[in-house]
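Numbering (the working numbering), first residue to last: 1121 to 1268. The C-beta atom is built at its ideal place from N, Cα and C for all residues, glycine as well. Predicted model only: the values in this text are computed from it and were never measured. Everything below concerns the one structure shown next.
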């Protein structure tokens, strides 16, 4: 199970709790086991405390914290906004938009029409590597300067 599938499961489980399709203790126990499998020790401790206290009202906040933990974990892999990508690359917004328009960097649009652009972090890293290699190739070496 991935963190994303765990996040989705937690969201469905919240709906089931709201409808009364599942008992709070059962939801907390299952979420705690899944968190343990994913290596999320803070959630495991929290789930065990809630399970031991047998407080049904704590199940929804616990599941919400599971969702939040998955989103925080996924933050490392999340795509960047154009502004974030430009800042990380050390270039201007217009330059980053231009790279996207020309298809020089992997990106995707969210929504219809103009939409929102998100830039793939790995593509940004590759572009930065490519840029640093081309800069090295264009540099005038000390030997070339001395020959002039």
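Check whether the Cβ of residue i lies closer than 8 Å to any heavy atom of the ligand HEM, and answer yes or no.
{"i": "residue 1146", "result": "With respect to small molecules bound, the structure shown includes none, and the ligand HEM cannot be examined in it."}
Taking all protein chains shown into account, decide if residue i is buried (16 or more other Cβ within 10 angstroms of its Cβ) or exposed.
{"i": "residue 1227", "result": "buried"}
{"i": "residue 1238", "result": "buried"}
{"i": "residue 1255", "result": "In this predicted model, residue 1255 has a pLDDT of only 45, less than 50, meaning its place in the structure is not dependable enough to derive any value."}
{"i": "residue 1154", "result": "buried"}
{"i": "residue 1250", "result": "exposed"}
{"i": "residue 1107", "result": "In the structure as shown, the chain starts at 1121 and stops at 1268, and residue 1107 therefore has no counterpart that could be examined."}
{"i": "residue 1179", "result": "buried"}
{"i": "residue 1209", "result": "buried"}
Suppose you measure from the CA of residue i to the CA of residue j; what does that come to, to the nearest Å?
{"i": "residue 1137", "j": "residue 1235", "result": "35 Å"}
{"i": "residue 1230", "j": "residue 1174", "result": "42 Å"}
{"i": "residue 1240", "j": "residue 1199", "result": "5 Å"}
{"i": "residue 1144", "j": "residue 1211", "result": "50 Å"}
{"i": "residue 1206", "j": "residue 1245", "result": "12 Å"}
{"i": "residue 1134", "j": "residue 1243", "result": "36 Å"}
{"i": "residue 1165", "j": "residue 1159", "result": "12 Å"}
{"i": "residue 1128", "j": "residue 1161", "result": "19 Å"}
{"i": "residue 1157", "j": "residue 1225", "result": "36 Å"}
{"i": "residue 1190", "j": "residue 1202", "result": "23 Å"}
{"i": "residue 1142", "j": "residue 1213", "result": "49 Å"}
{"i": "residue 1140", "j": "residue 1152", "result": "20 Å"}
{"i": "residue 1163", "j": "residue 1223", "result": "41 Å"}
Can you name the start and end residues of the alpha helix (DSSP H) that residue i belongs to?
{"i": "residue 1238", "result": "Unbroken run through residue 1238 is the beta strand (DSSP E), 1236-1239; no alpha helix (DSSP H)."}
{"i": "residue 1134", "result": "1123-1139"}
{"i": "residue 1224", "result": "Element bounds for residue 1224: n/a, residue is neither H nor E."}
{"i": "residue 1169", "result": "1161-1173"}
{"i": "residue 1142", "result": "It is not in any alpha helix (DSSP H) - residue 1142 carries neither H nor E in the DSSP assignment."}
What does DSSP give as the partner residues of residue i in its beta bridges?
{"i": "residue 1201", "result": "1238"}
{"i": "residue 1230", "result": "1236"}
*Is the segment 1143-1150 in contact with the segment 1161-1173, if contact means three or more CB pairs nearer than 8 Å?*
yes
*Hey, is the segment 1211-1220 in contact with the segment 1177-1185, meaning 3+ C-beta pairs nearer than 8 Å?*
no
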